[in-house]
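Engineer:
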Amino acid sequence: MEYELGLRTGEKSVTERLLPEVLCSVNPMMISEHYEILFNSIVDGQYKALLVNKDDLTLTPIRASDAILLALVAKLNIFMEEHLFKRQSVDSSVSQNKMALPLNALTFEMLHHALEKAIEDENYELASMLRDEMKNRAKEP
């Protein structure tokens, strides 16, 4: 996906024959007047996105990375559900060289690594929270 985005953001972009551009040219309705991207949830560290048809309100699930690429190619607006935005937001401080991440943005592997580190550092409250998050994910289908 990094390569695909790089093709479109470089100085010399030759993408008119690539699939997203071809599909957008075949469907001239694929513009921000008729479509938008909506990020509505996060599951196991993966954002979930929808392609929203603003004319008939149909929702089409789409991979988050593909949603960003489509938005770039078709110049679509990108939105995020308010509850997700608040849930994922973290305080940042210019003076710190660290940045907090919400638990639900971490992959299972990252959670496991963080759990091991919390136990090693004897931060048992954090370890308990991480363990609970891992258990909750194990229950999900």
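Heads up: the sequence shown at position 99 corresponds to 116 in the working numbering, and the numbers run straight through without jumps. All C-beta atoms in this analysis are idealised placements derived from N, C-alpha and C, irrespective of residue type, glycine included.
Which same chain residues end up closer than 6 angstroms to C41 when comparing Cβ atoms and leaving out the 5 residues on each side of it in sequence?
Structural biologist: Closer than 6 angstroms at the Cβ level, and outside the excluded window around C41, lie M47, V90 and A91.
Engineer: At 4 residues or longer, and completely inside the stretch 30 to 114: list those alpha helix (DSSP H) runs for me, N to C.
Structural biologist: Taking only runs of at least 4 residues, the alpha helix (DSSP H) segments lying wholly in the stretch 30 to 114 are 36 to 43, 81 to 91 and 99 to 105.
Engineer: Does the pairing of the stretch 120 to 128 with the stretch 69 to 79 give three or more beta-carbon distances under 8 angstroms?
Structural biologist: As far as the Cβ criterion goes, the stretch 120 to 128 does not touch the stretch 69 to 79, which means the pair count is below three.
Engineer: Say whether the stretch 49 to 62 touches the stretch 91 to 106, bearing in mind that this needs 3 or more beta-carbon pairs closer than 8 angstroms, one atom from each stretch.
Structural biologist: Enough Cβ pairs lie closer than 8 angstroms, so yes.
Engineer: Spatial neighbours of Y64 within its chain, please: C-beta separation below 8 angstroms, excluding the five flanking residues on both sides.
Structural biologist: Excluding residues within five positions, the ones whose Cβ falls inside 8 angstroms are F56, S58 and A81.
Engineer: Can you give me the C-alpha to C-alpha distance between A155 and G62, rounded to a whole angstrom?
Structural biologist: Answer to the nearest angstrom: the Cα atoms are 13 angstroms apart.
Engineer: Among residues of its own chain, excluding the 5 on either side of M151, which ones have a beta-carbon nearer than 6 angstroms to its beta-carbon?
Structural biologist: The answer, listed in chain order, is L128.
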